[in-house]
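K.L.:
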Amino acid sequence: MSDAQAVLHPKAAGESVEANVVQRVEQLAYVSDREAEWCDALADSLLAPTTTDSVIFCGINLLAKGTHVEIKSAQDRLASGQRGRIYVRKRQHERLLEENAAYLVAVYDPRPGRNQRVLAMAIIPASVLDEILPDGWTSVEGDRSERGYRQLSWSRIIDPDDVEGGDQR
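Heads up, the sequence shown is in my numbering, so the first residue is 106 and it goes up one at a time.
(1) Kindly confirm or deny that the stretch 155-172 and the stretch 224-237 touch, where touching means at least three C-beta pairs closer than 8 Å.
(2) For LEU234 and ASN205, I'd like the C-alpha separation in whole angstroms.
(3) When you compare each of VAL212, CYS144 and TYR254 to PRO265 by their alpha carbons, which one comes out closest?
(4) Hey, could you find the ends of the alpha helix (DSSP H) GLN128 is sitting in?
(5) Drop a sphere of 10 angstroms on the beta-carbon of GLN187, count the other beta-carbons inside from all chains shown, and report buried for 16 or more, exposed for fewer.
(6) Is the distance from the Cβ of THR104 to the Cβ of GLN132 below 8 Å?
(7) Assuming contact is defined by CB atoms lying nearer than 8 Å, are LYS170 and ASP149 in contact in what I supplied?
(8) Please confirm whether ARG282 and TRP259 have their CB atoms less than 8 Å apart.
(9) With distances taken Cα to Cα, identify the nearest neighbour of LEU64 among PRO154, SER159 and GLU123.
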């Protein structure tokens, strides 16, 4: 299998989705890791149902200008057939809560190459996501060691019909 045909490593796929989201949602501006490692974007204008039709709003009616956004991506389906999950890192999540920030969850169809097709996007305040996270932080050892993380199926945030029902937001 050539590199062009290989499905991307999850980190590379996530970066591809992140770039796709910032390009598609014109109210978001990219934030580099040099500026802030705890978020990926900043709302540089009002983000509301009246200003975009590509984003689902969960537990919020609008996203104010100046709000920091962490973009999380999840595959629509894993190789096992289960729905994909987002990974929430404890340190980062705590900072997002402190900043009254939000998550943008993007569900994508994993495909070969660098252009991952985003099927649906939802914006959710960090405080609302906090309420639906499972209990207990899991530790990770090794090269990607984290103090803790939690996993959450995208279907806890986005209605599966918006992804699997043919709606290609």
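Ideal Cβ positions, reconstructed from N, Cα and C, are used throughout, including at glycine.
P.N.:
With the given structure in hand:
(1) yes
(2) Taking the first residue of the sequence shown as position 1, residue 234 is located at position 129. Taking the first residue of the sequence shown as position 1, residue 205 is located at position 100. Cα to Cα, LEU234 sits roughly 12 Å from ASN205.
(3) Taking the first residue of the sequence shown as 1, we reach residue 265 at position 160. When only C-alpha atoms are compared, the closest one is VAL212.
(4) Mapped onto the sequence shown, residue 128 falls at position 23. Per DSSP, GLN128 belongs to the alpha helix (DSSP H) from 115-129.
(5) Position 82 of the sequence shown holds residue 187. GLN187 is exposed by the Cβ-count criterion.
(6) Residue 104 falls outside the range modelled here, since the chain spans only 106 to 274, and no answer is possible.
(7) Taking the first residue of the sequence shown as position 1, residue 170 is located at position 65. Taking the first residue of the sequence shown as position 1, residue 149 is located at position 44. Yes, these two residues count as a Cβ contact at 8 Å.
(8) The chain is shown from 106 up to 274; residue 282 falls before or after that span and cannot be answered.
(9) Because the chain here runs from 106 to 274, residue 64 falls outside it and cannot be looked at.
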